[in-house]
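Residue numbers (the numbering used here): 15 to 88.
(1) Starting from residue 63, trace the alpha helix (DSSP H) both ways and give me its first and last residue.
(2) When the Cα atoms are used, what is the spatial distance from residue 37 to residue 56?
(3) Considering residue 70, what are the terminal residues of the alpha helix (DSSP H) in which it resides?
(4) What did DSSP end up calling residue 31 once you bin it into helix, strand or coil?
(5) Rounded to a whole number of angstroms, what is the C-alpha to C-alpha distance between residue 75 and residue 68?
What follows is the structure, given as structure tokens:
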């Protein structure tokens, strides 16, 4: 299993690829814009729904994972 740092790096690569594929100009330097993260999450949830998954259940599970791994409550 990948370390937390490796998973963060994978997430950054996914976000970079998403922004590039979307054709959006990079709107940030040295940070992660929340709006791009939200757009990617939304599109992933749309994909999950298209593949037969309940997006709300996916969000609930992701929230539980975040709370467990980041040791903070949402």
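A virtual CB, placed ideally from N, CA and C, is assigned to each residue, including glycine.
Answer, in terms of the structure:
(1) 48-64
(2) Per the coordinates, the alpha-carbon of residue 37 lies some 17 Å from the alpha-carbon of residue 56.
(3) Here the alpha helix (DSSP H) through residue 70 covers 69-84.
(4) helix
(5) 11 Å
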